[in-house]
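In UniProt numbering, the protein residues as written are 1 to 759. Just below is one structure, and these are the notes that go with it.
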């Protein structure tokens with residue numbers, strides 16, 4: 001539209017009058033030259049590369065257009081309009097016959113001749129004076145007023161380009177300043193008050209109008225921003241509603257799957273194939289009427305099968321996970337990674353008793369003083385026993401308080417509280433208290449300074465993990481001591497030798513030494529140096545052992561330094577077996593071995609006419625002899641202690657559970673940072689702690705405690721066993737309430753005394 005209106009005078013370029021052609025040519029130069037860059041600038045602004053610069057590009061477009069409008073308007077009014085007016089004046093003069101005949105008379109118009117003349121002096125003929133007045137006084141003043149409309153048109157058009165306030169201000173200031181400069185140049189100099197006032201208004205109006213438009217543009221921009229924020233907020237609410245809808249739909253699908261799973265009555269079978277076969281065979285022999293000779297032969301077959309390789313007593317978890325039964329992915333992945341049988345052969349030595357451990361009577365606390373001395377690796381006489389340089393001051397009063405606390409609290413000793421009372425040295429003081437309570441210093445001639453050096457280095461070597469720290473190690477030491485010396489009036493203590501008891505306490509103290517807070521599976525996936533060093537087999541457990549015995553190479557920390565070679569090899573072998581048995585991948589193997597022992601005893605009773613009830617392995621068999629294999633007992637004891645927090649009082653148990661869950665989440669965070677698959681139940685962004693702990697109880701704790709209650713500790717283990725069942729019931733209650741956060745579970749279930757469970 002602008003080109004159409006400005007191009008209306010294009011015909012003047014073809015005029016016969018050279019003066020008209022020249023003026024028209026200058027006009028079009030002023031009008032069209034400034035707008036030539038505009039198409040290029042518009043094209044550039046639409047290029048993706050320069051989209052971000054569109055504000056600046058549109059500012060240049062507006063400045064070009066403003067220059068064209070103002071320059072073209074000023075030139076048009078001062079030149080072409082003068083041509084039109086001069087022609088009209090000549091016509092009027094001719095018609096009025098005002099002009100003299102020759103038109104040569106010169107007139108002078110100034111303030112001297114006329115006192116009321118307020119402009120600059122003009123001289124010439126009548127026509128020249130009239131033309132000069134029109135060109136130099138009348139038209140400039142009129143032009144500057146009329147061209148204000150062009151300026152207003154620019155400011156009205158600017159908002160259509162949607163440039164921001166800053167660039168709008170730039171266009172306004174440049175345009176207004178240019179117009180003000182032209183006004184100062186072209187506006188006639190006069191003493192006339194109306195003209196002076198009009199000149200001031202013409203100069204001030206552009207800036208005032210620019211300011212008004214800036215304020216208007218700012219308000220419009222604010223409204224646009226508010227509208228945008230409102231629309232954005234509405235979109236966010238819509239997205240949130242969509243996400244919540246999807247989450248609800250996903251929860252519905254999950255609930256349907258869980259309901260289908262429960263309706264299918266699917267339970268993970270933790271019975272090994274051979275174990276089920278032996279139970280069925282024994283039941284058959286008990287119910288079928290056979291001759292005495294055939295019965296004896298059948299029972300002999302059962303006993304021989306029960307003594308076969310222990311891998312036959314490990315349930316096939318992998319095969320069950322591949323079944324068509326509905327199992328949620330988290331539980332499936334966890335069972336496969338933790339419980340599934342490994343491809344490599346196990347190192348467990350179940351069923352192999354320690355040397356000199358045959359128990360034919362109840363008094364088996366044999367002394368090992370005859371086996372003590374300075375062995376090949378023992379403490380040389382030349383070594384001066386002294387505390388380590390950085391050894392803290394030993395506080396006997398603190399040790400006395402810890403011993404008293406151990407005797408008072410027993411199984412439910414809070415080692416986290418002990419850590420606060422001992423300057424974060426719970427393992428050092430709890431283990432030292434055990435040596436004092438059972439006089440192990442004298443029995444094994446362990447120098448107190450050497451023991452304290454060893455315990456200090458051991459305690460200091462536990463990392464500050466949420467769960468696998470020195471407080472957990474101290475808890476396991478206390479639990480091992482309770483199960484051996486206190487439960488059933490020390491029945492297990494009477495079964496074990498002093499050396500075996502000594503080995504059990506040391507194994508408990510070192511069983512998680514320098515634990516990194518990551519699982520074996522994590523180290524294997526990460527191709528960690530430890531996984532390479534120990535060939536993916538019981539990686540952490542092997543590391544705990546190696547690091548501990550490496551410490552003992554220092555004579556100042558060698559608590560076995562005064563042992564001769566034979567007892568040293570026996571205690572080292574026992575410690576290794578016990579610590580390796582804490583590997584969760586060996587858990588089901590240990591349970592299978594216990595069930596095999598139970599089956600052997602039941603079969604032996606049946607064969608000799610005992611009180612076998614034929615009800616299978618799930619029933620209590622009160623006539624069974626307690627297991628006397630010391631290695632099996634020590635493995636069971638340290639395993640019970642390692643997962644013992646599951647059977648502690650509810651408030652203490654939930655604290656330990658929160659710590660292990662946080663440690664799981666830290667591993668998950670590390671896996672996420674490494675762009676690795678996050679291990680089951682270790683993703684804090686999809687927390688389901690209730691399901692996690694329910695699975696832990698159903699797959700690990702309860703099957704193990706059920707078997708232990710029948711084979712090792714019956715019936716004295718009932719109290720501990722029942723606490724584990726109560727804690728399991730609380731986790732089931734949390735799952736029923738659909739509480740997934742450990743914080744919510746802790747506050748709303750375990751710490752709420754209103755939530756009661758049957759005792």
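Virtual Cβ for every residue (Gly too), placed ideally from N, Cα, C.
- The C-beta of residue 735 has 16 or more other C-beta atoms within 10 Å across all chains shown, which makes the residue buried.
- Taking the Cβ atoms as the reference, residue 496 lies roughly 7 Å from residue 633, within the contact range of under 8 Å.
- Close CB contacts of residue 383 within its chain, under the 8 Å cut and outside five residues either way in sequence, are with 555 and 556 (chain order).
- Collapsing the DSSP output to three states places residue 681 in coil.
- The criterion of a C-beta distance shorter than 7 Å is satisfied by residue 508 and residue 477.
- A straight line joining the alpha-carbon of residue 698 with that of residue 258 spans about 16 Å.
- Going by beta carbons, residue 466 and residue 751 fall outside the 7 Å limit.
- Cα atoms of residue 491 and residue 545: separation of roughly 28 Å, rounded to the nearest angstrom.
- For residue 122, DSSP records a beta bridge to 109.
- A Cβ-Cβ contact shorter than 7 Å links residue 41 with residue 60.
- Comparing alpha-carbon positions, the option among 708, 715, 700 and 693 lying closest to residue 729 turns out to be 693.
- Its chain contains 689, 690, 734 and 739 as the residues whose beta carbon lies nearer than 7 Å to that of residue 745, once the 5 sequence neighbours on both sides are disregarded; these appear in chain order.
- Out of 471, 300, 593 and 447, the CA that lies nearest to the CA of residue 420 is found in 471.
- If you compare the alpha carbons of 24, 52 and 65 with that of residue 39, the shortest gap goes to 65.
- For residue 711, the number of other beta carbons within 10 angstroms of its own is at least 16, and it is reported as buried.
- The beta carbon of residue 44 sits closer than 7 Å to those of 50 and 57, all from its chain and outside the five residues before and after it, given in chain order.
- Straight through space, the alpha carbons of residue 588 and residue 533 are spaced by roughly 25 Å.
- Between residue 142 and the set 188, 127 and 171, the nearest pair of CA atoms involves 188.
- Minimum Cα-Cα distance from residue 647 among the listed residues 724, 593, 669 and 655 corresponds to 724.
- Apart from sequence neighbours up to five positions away, the residues of its chain that approach residue 418 with a beta-carbon distance below 8 Å are 402, 405, 426, 429, 430, 471 and 474, ordered along the chain.
- Between residue 510 and residue 447, the gap from beta carbon to beta carbon reaches 7 Å or more.
- Across the structure, residue 217 and residue 25 are spaced so that their CA atoms are roughly 38 Å apart.
- By the neighbour-count criterion, in which 16 or more other beta carbons inside 10 Å mark a residue as buried, residue 256 falls on the exposed side.
- One thing to note: residue 452 has its Cβ no nearer than 7 Å to the Cβ of residue 562.
- In the three-state DSSP reduction, residue 652 falls in the helix class (H, G or I).
- Between the beta-carbon of residue 437 and that of residue 641 there is about 17 Å, and that puts the pair past the 8 Å contact cut.
- Under the three-state reduction of DSSP, residue 646 is assigned to helix.
- Judged by DSSP secondary structure, residue 461 falls within the alpha helix (DSSP H) whose first and last residues are 448-461.
- Of all alpha-carbon atoms in 14, 208, 163 and 528, the one lying nearest the alpha-carbon of residue 177 is that of 208.
- The count of Cβ pairs closer than 8 Å, one atom from the segment 497-504 and one from the segment 661-679, stays below three, leaving the stretches out of contact.
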